[in-house]
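Participant: I am attaching a structure below and will ask some questions about it afterwards.
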Amino acid sequence: MAHDHKLEIFRGLLKFKSNTQKIWGVLIFLSIVTTVEVALGITKPRALTHSHILGMKVLNWIFIILTLVKAYYIAWDFMHLRDEKNSLRRVIVWTPVFLICYLIFILLFEADYIYNVYKDGFLTWNF
């Protein structure tokens, strides 16, 4: 059942001659995304930290999105999801994406509620 793996990434925009070259290409892509995350975390641009979308800083949204991109791409290439049937890919990819989005929603609203209780409630910050 051995078959050749597809040697292109980004839906065929970059094509490689061997699996080794493809692994290096994916490593470079993931390194670039990680470098962008680290650079944004170190510099923390004022435009991204002082503007909010859905109750959270834009910088945090960028971190969440880039982390999901890296996780998806690792699963896509290194777990060979690109070679599977569409239905299996959808089950494997969309279920965790939905659950992660749900978790983020819950955490944001609960954290905001707890913050407001401590800020406006009878108790003060005591820890």
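Residue numbers for the sequence shown follow our numbering, so the first one is -1 and each next one is one higher. Beta carbons are placed, not taken as given, at the ideal position from N, Cα and C, and that holds for glycine. Only a predicted model underlies this, so the values are computations on that prediction, with no experimental measurement involved.
With which residues is Met54 paired in a DSSP beta bridge?
Facilitator: As a first step, residue 54 is located in the sequence shown; it is residue number 56 there, counting from the start. For Met54, which the question treats as bridged, DSSP gives the partners Ile51.
Participant: Put Lys83 into one of helix, strand or coil per three-state DSSP.
Facilitator: Here the question's residue 83 lines up with position 85 in the sequence shown. Coil.
Participant: Among residues of its own chain, excluding the 5 on either side of Asp75, which ones have a beta-carbon nearer than 6 Å to its beta-carbon?
Facilitator: Working through the sequence shown from its first residue, we reach residue 75 at position 77. Excluding sequence positions up to five before and after Asp75, its CB lies within less than 6 Å of the CB of Val24, all in the same chain and listed in chain order.
Participant: Could you pull the DSSP bridge partners for Lys117 from this structure?
Facilitator: Position 119 of the sequence shown, counted from the first residue, corresponds to residue 117. DSSP, once it has assigned bridges, lists no residue as partnering Lys117.
Participant: Find the nearest neighbour of His50 within the set Leu106, Tyr100 and Val115, judged by alpha-carbon distance.
Facilitator: Reading the sequence shown from its first residue, position 52 is the one you call residue 50. The shortest Cα separation from His50 among Leu106, Tyr100 and Val115 belongs to Leu106.
Participant: Going by beta carbon distance, what residues of the same chain come within less than 8 Å of Lys68, once the five residues before and after it are set aside?
Facilitator: Position 70 of the sequence shown, counted from the start, is the residue given in the question as residue 68. Here the set comprises Leu28, Val31 and Thr32.
Participant: Within its chain, find whatever has a CB closer than 8 Å to the CB of Thr65; leave out the 5 residues flanking it on each side and keep chain order.
Facilitator: Taking the sequence shown and counting its residues from 1, the one referred to as residue 65 is at position 67. Contacts found: Glu35.
Participant: In whole angstroms, what is the alpha-carbon distance linking Gln19 and Ile26?
Facilitator: Here residue 19 refers to the residue found at position 21 when the sequence shown is read from its first residue. Here residue 26 refers to the residue found at position 28 when the sequence shown is read from its first residue. Distance between the alpha carbons of Gln19 and Ile26: 11 Å.
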